[in-house]
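Visitor: Residue 252 in UniProt numbering sits at position 252 of the sequence shown, and the numbers go up by one each step.
Every residue, glycine too, gets a C-beta built ideally from N, C-alpha and C.
Just passing along the structure, written as structure tokens.
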Amino acid sequence: MKKRVYVFVTAIVLNIMLSTIHADVLNPRIIGGTDAVPGAWPWIAALVYADGSSNYKGQFCGGSLVGQQWVLTAAHCVYDMKISDFKVVLGLYNLKTDMGTVATVKQTWVHPNWNSTTLSSDLALLELATPINFPVVALSVQKATAGVNAIAIGWGSTDSAGNQYPSVLQQVTLPIVDLVTCKETYPNQLSSTMICAGYPQGGKDTCTGDSGGPLMVIENGRYTQMGIASWGNSCAKPGIYGVYSDLSSPSLQKFVQDKLGSNSLISDTLGVFRDGQWFLDANGNGAWDGCGTEFCFTGFGQAGDMPASGNWDGGSKSFIGVLRSGTGEWFIDLNGNRKWDGCAVDGCYSGFGAPGDLPVAGDWNGTGFAKIGVFRNGQWYLDANGNGTWDGCGTDLCLSFGQAGDLPVAGNWNGGLQAGVGVFRAGTWYLDYNGNGQWDGCQQDGGQDLCLYGSFGQAGDLPAAGDWNDDGKAKVGVFRNGTWFLDYNSNGQWDGCDVDRCYFGSFGQAGDLPVAGKW
Numbered sequence: 001m002k003k004r005v006y007v008f009v010t011a012i013v014l015n016i017m018l019s020t021i022h023a024d025v026l027n028p029r030i031i032g033g034t035d036a037v038p039g040a041w042p043w044i045a046a047l048v049y050a051d052g053s054s055n056y057k058g059q060f061c062g063g064s065l066v067g068q069q070w071v072l073t074a075a076h077c078v079y080d081m082k083i084s085d086f087k088v089v090l091g092l093y094n095l096k097t098d099m100g101t102v103a104t105v106k107q108t109w110v111h112p113n114w115n116s117t118t119l120s121s122d123l124a125l126l127e128l129a130t131p132i133n134f135p136v137v138a139l140s141v142q143k144a145t146a147g148v149n150a151i152a153i154g155w156g157s158t159d160s161a162g163n164q165y166p167s168v169l170q171q172v173t174l175p176i177v178d179l180v181t182c183k184e185t186y187p188n189q190l191s192s193t194m195i196c197a198g199y200p201q202g203g204k205d206t207c208t209g210d211s212g213g214p215l216m217v218i219e220n221g222r223y224t225q226m227g228i229a230s231w232g233n234s235c236a237k238p239g240i241y242g243v244y245s246d247l248s249s250p251s252l253q254k255f256v257q258d259k260l261g262s263n264s265l266i267s268d269t270l271g272v273f274r275d276g277q278w279f280l281d282a283n284g285n286g287a288w289d290g291c292g293t294e295f296c297f298t299g300f301g302q303a304g305d306m307p308a309s310g311n312w313d314g315g316s317k318s319f320i321g322v323l324r325s326g327t328g329e330w331f332i333d334l335n336g337n338r339k340w341d342g343c344a345v346d347g348c349y350s351g352f353g354a355p356g357d358l359p360v361a362g363d364w365n366g367t368g369f370a371k372i373g374v375f376r377n378g379q380w381y382l383d384a385n386g387n388g389t390w391d392g393c394g395t396d397l398c399l400s401f402g403q404a405g406d407l408p409v410a411g412n413w414n415g416g417l418q419a420g421v422g423v424f425r426a427g428t429w430y431l432d433y434n435g436n437g438q439w440d441g442c443q444q445d446g447g448q449d450l451c452l453y454g455s456f457g458q459a460g461d462l463p464a465a466g467d468w469n470d471d472g473k474a475k476v477g478v479f480r481n482g483t484w485f486l487d488y489n490s491n492g493q494w495d496g497c498d499v500d501r502c503y504f505g506s507f508g509q510a511g512d513l514p515v516a517g518k519w
């Protein structure tokens, strides 16, 4: 049973009390949309009645994963429900055939200003009992511009009567509507926490069962959520627009940020090193917003150095470091203040590496601390015990993976604690997926490691690796003369900017050296 039935009764009561509220005011629904591409929206969540006989029959609202323990939805979906009344299911595309992953809800947090009469502040956060490894959607902090196309997704009704429901996830493109125009449809009903979207001629809209789902726009090459499906007066009618909770509203934004806090994992973001200067994407939006917003500093490293990053202290943040290629010396920002404090405070390692080596960093043995390493013509030398000194292959790690001319990368390709090595060779990737430090052949040929043949990047690109979508696994990416291309959905192939991430000249320039981390 869809939520639409319950809310219809609520809306009738409200209509008796307030003539400004229409009987169809709640639970918008997708009409005029298309089947979504499988895997394109991995953060979508389905809210399903606990006593429903199936996901298809029990789904009543949508939501979005915004942190590994947080689902964002509409307040009107859950404000009058106990957590035992419903469940959150992730990983769904077809409600009839997919089982998905059920996430247990620990607590429901409804915005304190939520008003079930005026529908203002229609936002709630569902705190999950345990973290879940699915990609999260970034939240926009900027007001959407009227006329910009947004995308809404959900399993809501595909007809205005609320009688037809798809099994497959739907998506629809809707332009943002300025509030002056929208107020012609809803005089005296719009608050500062609302925004509108839709077409003046109608025909496309969100619908019953879509409430709580995300409204998304492209910002700097990636989709960010800027709204939550909230309410509307009927569906897809001419001159009548859908209304969404506006996540750029200060009160909604603060509520979300206060709740997520440090409980939300942080995805890796971009950075570049330029002749002794660092530029790090502090807010993670993939665009250069100036030194007042981003981290930009000098004094750590010099021209000719090569950058690295890692959680040298075992914490959740990435700190910087450089390998001085002319001497093989390392300089590590051990206290994370982005300043060079001398060898007594920061790390100076002169015995690990040689002139011409390429730097790498990773948690080579799963202890939770990043350590340094170097790549030399197909050979890897990794500081397994983390003391910054070369102690020989019996204590540290000596691996043979790759060949001369390759460019090294490292990351937890399989989601484990231990980092695996990898190389980028003129557009082809070879990744040590099982983390045993040796080449075991391509998975597509019956082996155990990953080979990405020309599917992500090209000759001349510089490789980068990071957990771009916060699912706990490292993915590949390339930097090309100031442009970034990131494998956001982790399938090892380029799927275009709508699915993967493209940052065209917005962070870095030709000649920069890429670096990624949790800044």
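Assuming Phe134 and Leu65 are in contact, meaning their beta carbons sit under 8 angstroms apart, how far apart are those beta carbons, in whole angstroms?
Guide: The beta carbons of Phe134 and Leu65 sit about 5 angstroms from each other, so the pair counts as a contact at 8 angstroms.
Visitor: If distances are taken between C-alpha atoms only, which option among Ser53, Asp268 and Ile228 comes closest to Gln253?
Guide: Ile228
Visitor: Which residues does DSSP pair with Ser120 in a beta bridge?
Guide: Note: Ser120 sits in no beta bridge, so no partner.
Visitor: For Asp98, tell me which candidate among Asn113, Ala45, Trp288 and Leu72 has the shortest Cα-Cα distance.
Guide: Per the Cα distances, Ala45.
Visitor: Find out if the Cβ-Cβ distance for the pair Gly368, Gly314 is shorter than 8 angstroms.
Guide: yes
Visitor: Cutting at 6 angstroms between CB atoms, please list the residues of its own chain near Leu358, excluding the five before and the five after it.
Guide: Phe375 and Pro408
Visitor: Quick one: is Gln257 buried, meaning 16 or more other Cβ sit within 10 Å of its Cβ, or exposed?
Guide: exposed
Visitor: Residue 540: buried (16+ other C-beta within 10 angstroms of its C-beta) or exposed?
Guide: The shown model of the chain, from 1 to 519, leaves out residue 540, and the question about it has no answer.
Visitor: Which of the three DSSP states is assigned to Glu294 in this structure?
Guide: coil
Visitor: Please name the residue or residues paired with Asn149 in a DSSP beta bridge.
Guide: Pro175
Visitor: Rounded to whole angstroms, how far is the Cβ of Val478 from the Cβ of Asp498, which I believe are closer than 8 angstroms?
Guide: Not really, about 18 angstroms apart at Cβ, beyond 8 angstroms.
Visitor: Does the beta-carbon distance from Trp43 to Val102 come in below 8 angstroms?
Guide: Cβ atoms of Trp43 and Val102: not closer than 8 angstroms.
Visitor: Given this structure, state the Cα-to-Cα distance separating Asn149 from Leu174, to the nearest angstrom.
Guide: 6 angstroms
Visitor: Given this structure, state the Cα-to-Cα distance separating Val421 from Asn188, to the nearest angstrom.
Guide: 60 angstroms
Visitor: For the ligand NAP, is there any heavy atom lying closer than 7 angstroms to the beta carbon of Trp288?
Guide: The model on display carries no ligand, and the ligand NAP is accordingly not part of it.
Visitor: If Gly353 and Gly212 are in contact, beta carbons under 8 angstroms, what's the gap, nearest whole angstrom?
Guide: Not really, about 52 angstroms apart at Cβ, beyond 8 angstroms.
Visitor: Buried or exposed: where does Asn115 fall if 16 or more other Cβ atoms within 10 Å of its Cβ makes it buried?
Guide: The residue in question, Asn115, is exposed, as its Cβ has fewer than 16 Cβ neighbours within 10 Å.
Visitor: For Gln69, is the classification buried or exposed, using 16 other Cβ atoms within 10 angstroms of its Cβ as the cut-off for buried?
Guide: Result: buried.
Visitor: In the segment 302-360, which residue ranges form an unbroken beta strand (DSSP E) of at least 3 residues, counting only runs that do not cross its ends?
Guide: Those beta strand (DSSP E) runs which fall completely within the segment 302-360 and span 3+ residues are 305-310, 319-324, 329-332 and 347-349.
Visitor: What are the start and end residues of the alpha helix (DSSP H) that includes Gly276?
Guide: Neither: Gly276 is in no alpha helix (DSSP H) and is coded neither H nor E.
Visitor: Let's test the definition: count the other Cβ atoms within 10 Å of the Cβ of Glu184 and tell me whether it reaches 16, buried, or not, exposed.
Guide: Taking all protein chains shown into account, Glu184 has fewer than 16 neighbouring C-beta atoms within 10 Å of its C-beta and is therefore exposed.
Visitor: To the nearest angstrom, report how far apart Asp512 and Glu127 are at their CA atoms.
Guide: 40 angstroms
Visitor: When we look at the beta-carbon of Gly304 and count the other beta-carbons within 10 Å, is it buried (16 or more) or exposed?
Guide: exposed
Visitor: Where does Lys183 fall in DSSP's three states?
Guide: helix
Visitor: From Thr73 to Leu452, what does the alpha carbon distance come to, in whole angstroms?
Guide: Distance between the alpha carbons of Thr73 and Leu452 is about 37 angstroms.
Visitor: Candidates Cys207, Ile218 and Val423: which alpha carbon is nearest Ile240's?
Guide: Nearest option by C-alpha distance: Cys207.
Visitor: Given Ser120, which residues of its chain have a CB within under 6 angstroms of its CB, disregarding the five upstream and five downstream residues?
Guide: Around Ser120: Ser191 and Thr193.
Visitor: Just the C-alpha distance for Leu265 and Ala129, rounded to the nearest angstrom, thanks.
Guide: Its pLDDT being 42, under 50, Leu265 is placed unreliably by the model, and nothing is read from it.
Visitor: Could you tell me the boundaries of the alpha helix (DSSP H) in which Tyr56 lies?
Guide: Asn55 to Gly58
Visitor: Mark Arg501 as exposed unless 16 or more other C-beta atoms lie within 10 angstroms of its C-beta, in which case mark it buried.
Guide: buried
Visitor: By a C-beta neighbour count over all protein chains shown, 10 Å radius and 16 as the cutoff for buried, is Ser140 buried or exposed?
Guide: buried
Visitor: Taking 8 angstroms as the threshold (C-beta atoms), are Trp519 and Leu280 in contact?
Guide: yes
Visitor: Does Thr104 pass the burial test, meaning 16 or more other C-beta atoms within 10 Å, or should it be called exposed?
Guide: By the 10 Å Cβ count, Thr104 comes out exposed.
Visitor: According to DSSP, is Ala384 helix, strand or coil?
Guide: The three-state reading of DSSP puts Ala384 in coil, since its state is none of H, G, I, E or B.
Visitor: Do you know how far the Cα of Gly202 is from the Cα of Gly67?
Guide: Answer to the nearest angstrom: the Cα atoms are 34 angstroms apart.
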